[in-house]
Amino acid sequence: MKTIAYTLLLIPILLVSFRVGTNDEPDPGVISELTYNVTYQYDIHGEDQQYEIKSYLPSDNFRQDITVKSDDILNSDIILSDHNSNRKIVWRGTAASDTTISFQYSVKTKHIQYSISKNLPTREKEFTELSRYLIPSANIQSNHQDISEISNRYMLDTPVKVRDVAKGLFQFVEKIPSVENSSVSDALTCNKRRVCTEEGKSRLLTALFRSAGIPARMAGGLVLKDEKKGNMDYWTQAFIGDEWITFDPERGHFAELPATHLEIFKGEISVENLVDVGSTDSHYDIRRDRLNDYPAFALFNIWNLIDGNELPLKPVMVLLLLPLGAYIVAICTNVVGFKTYGVFLPVLIAFSFIDMGLIQGLIFFTAIIGLISLMSFPLERWGILHVPKIVCLLTTVSLYCLASIKIFYITGWVAPSATLTFPIIILTLISERFAQKVEEESLREALFIYGQTLIVTLSCYWILSASVIQHFFITFPETLIGIAGLSLLLGEWIGLQLFEYTRFSKIDEEVSYVK
62 MKTIAYTLLL IPILLVSFRV GTNDEPDPGV ISELTYNVTY QYDIHGEDQQ YEIKSYLPSD
122 NFRQDITVKS DDILNSDIIL SDHNSNRKIV WRGTAASDTT ISFQYSVKTK HIQYSISKNL
182 PTREKEFTEL SRYLIPSANI QSNHQDISEI SNRYMLDTPV KVRDVAKGLF QFVEKIPSVE
242 NSSVSDALTC NKRRVCTEEG KSRLLTALFR SAGIPARMAG GLVLKDEKKG NMDYWTQAFI
302 GDEWITFDPE RGHFAELPAT HLEIFKGEIS VENLVDVGST DSHYDIRRDR LNDYPAFALF
362 NIWNLIDGNE LPLKPVMVLL LLPLGAYIVA ICTNVVGFKT YGVFLPVLIA FSFIDMGLIQ
422 GLIFFTAIIG LISLMSFPLE RWGILHVPKI VCLLTTVSLY CLASIKIFYI TGWVAPSATL
482 TFPIIILTLI SERFAQKVEE ESLREALFIY GQTLIVTLSC YWILSASVIQ HFFITFPETL
542 IGIAGLSLLL GEWIGLQLFE YTRFSKIDEE VSYVK
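Taking this note's numbering, I'd label the letters of the sequence shown as residues 62 to 576.
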């Protein structure tokens, strides 16, 4: 059996070593990053005529990293800036014949989830630097009676809560059907016809925010995915608290800026392309590129399947890390001596913590255990049979979970994009195990095992939530063969558990004393 275990350990070591050894990257790394290469291309058809082309250059900030080819910058005449910190790159010249102007940059972005404060800034509050974002414009008619009636509809509560107002206005615009007709691209027309272009939705939400006394502006750029597109995408930014918060009613992102959104401009503007030639054709060519330093000789390139939308990231990550988590639990129980509620439950609870957040998960988990502890006393005293008792407990836990979901979303404590179905199912399963332990032994013993389960769960969480571990197993899935080999070796463990050394140390002292 040891021969098989060592063979299972040797296979992934050789495979990973071979892939690493044949890698020719100058600075290899385990973390696999997803980047997008964006090419802005302008095709000019003309004969010895002058042209001037202006395009927006996305800015570097804390959530998007832009790398521009130096040649593209050198070939342009000037980069301008406006009061919204937008940057324009300008090309000027003469088109002697058909000419193509191209501008390329790579993009790395990250997801941002905002937390909205509850107090709505009133109209009387001074916005010295933001006053221009409260003023109506030709396409954002925030002072029109129809717009004001809608915004006032969501400001009837006293005191007015900014999150409730923002949510109401957002949902109102989100439900409006989308069209591609450019005649419904201003706020007032969108509101009257109850159909909007994507740009119109952004203007309507901006107008509603301004009418409610919340400084707001349009913003836009590109929703990144493999495609060639000839237009930009639009969303809205509102200044709430002390920051600009993004809302995308077209795609249903409330107080959220997804990693797929590249911000190129802010403010009510349109991309200026002034070309004094016969005809032009401009488009963005977007190509997704996975920075994976070890794609060669991969038996199963999971990153390609994930990036090609053939496999979902989260379920794949759970499947790959589940054996590692179970092995951690096996070490904690067989070698250290912890008692847990099952082998897989601590691992699954750790994944639920990763999904909903560590602090939120701990509070949610502990509250379920406390609820079952309180319910056990009257049910035990009434002499309820085991199965009906479990049903009563699970019914109570389900009602608690429903109330918790409502509280999570109202307070914004858990991200609206988080999927809570999986964590709730897992934490409900542990409630059954806990109730059964209370009935078979005692509440004290059940709580004691709960504490040990929590320690093992946190150990799994800290290891499985590490990006290096997650990316390593996705890049080198053959490592799972090694986990099987380690498990076989662990199965032959015959030594004392660490907790047993303390217990048997007293016997050693007594034997030494007798001698």
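For each residue, glycine too, the CB sits at the ideal point set by N, CA and C.
Note that the structure is predicted; figures quoted are calculated from it, not measured.
Item                                                                                                      : Value
Three-state secondary structure assigned by DSSP to ALA157                                                : coil
Which of helix, strand or coil DSSP assigns to TRP296                                                     : strand
Enclosing beta strand (DSSP E) for GLU288 [first to last residue]                                         : 288-290
CA-to-CA distance, PHE231 to LEU515, given in whole angstroms                                             : 40 Å
Span of the beta strand (DSSP E), counted from its first residue to its last, around ALA273               : Where ALA273 is concerned, there is no enclosing beta strand (DSSP E), given that its DSSP letter is neither H nor E.
Beta-carbon gap between LYS327 and ARG278 smaller than 8 Å                                                : yes
Nearest to LYS262 (by Cα), restricted to the options SER520, LEU360, LEU95, VAL240                        : VAL240
Assigned secondary structure, ASN365 (DSSP; H/G/I helix, E/B strand, else coil)                           : helix
Beta carbon proximity, ILE429 to chain B, threshold 8 Å                                                   : Among the protein chains of the structure shown there is no chain B, as only one such chain exists.
Nearest candidate by alpha-carbon position, reference PRO407, set ILE424, ALA387, GLN497                  : ALA387
Top-ranked residue by Cα proximity to PRO276, from TRP305, LYS289, GLU441, LEU423                         : TRP305
C-alpha gap between GLY281 and GLN110, whole angstroms                                                    : 32 Å
Beta strand (DSSP E) segment containing LEU504, residue limits                                            : First-last for LEU504: 504-525, but that is the alpha helix (DSSP H), not the beta strand (DSSP E).
Cα-Cα separation between GLU260 and ILE491, rounded to whole angstroms                                    : 48 Å
Residue environment, LYS236, which counts as buried when at least 16 other CB atoms sit within 10 Å       : exposed
Validate contact between the segment 112-119 and the segment 66-78 using beta carbons, cut 8 Å, 3 pairs   : no
Collapsed DSSP secondary structure at SER492 in the structure displayed                                   : helix
Cβ pair THR267, ILE211 closer than 8 Å                                                                    : no
Continuous alpha helix (DSSP H) stretch holding PHE308: start and end                                     : Run containing PHE308: none in the alpha helix (DSSP H); it sits in the beta strand (DSSP E), 304-308.
Counterpart residues of ASN651 in DSSP-defined beta bridges                                               : A query on residue 651 cannot be resolved here, the shown segment of the chain reaching from 62 to 576 and no further.
Distance, ILE410 Cα to ILE510 Cα                                                                          : 15 Å
Stretch pair the segment 397-404 + the segment 420-440: three plus CB contacts closer than 8 Å            : no
Cβ pair ILE173, VAL223 closer than 8 Å                                                                    : no
Exposure label - VAL458; buried when at least 16 CB within 10 Å                                           : buried
Spatial distance of PRO449 from SER526 (CA atoms)                                                         : 37 Å
Length of the line joining the Cα atoms of ARG271 and PHE361                                              : 52 Å
Cβ shell of GLY291 (< 6 Å), same chain only, five flanking positions each side left out                   : HIS344
Residue environment, VAL517, which counts as buried when at least 16 other CB atoms sit within 10 Å       : buried
Range of the contiguous beta strand (DSSP E) that encloses ILE325                                         : 322-327
CB contact flag (GLN125, GLU311, <8 Å)                                                                    : no
N-terminal and C-terminal residue of the alpha helix (DSSP H) that THR128 is part of                      : Note, THR128: premise wrong, no alpha helix (DSSP H); beta strand (DSSP E) at 125-129.
Cβ-Cβ distance between GLN165 and ASN122 below 8 Å                                                        : no
Three-state secondary structure (DSSP) of GLU500                                                          : helix
ASP287 versus MET378: straight-line alpha-carbon distance, rounded                                        : 23 Å
Classification of ILE389 by the beta-carbon crowding that lies within 10 angstroms, buried from 16 upward : buried
Burial state of ASN252, where buried means 16 or more other Cβ atoms lie within 10 Å                      : buried
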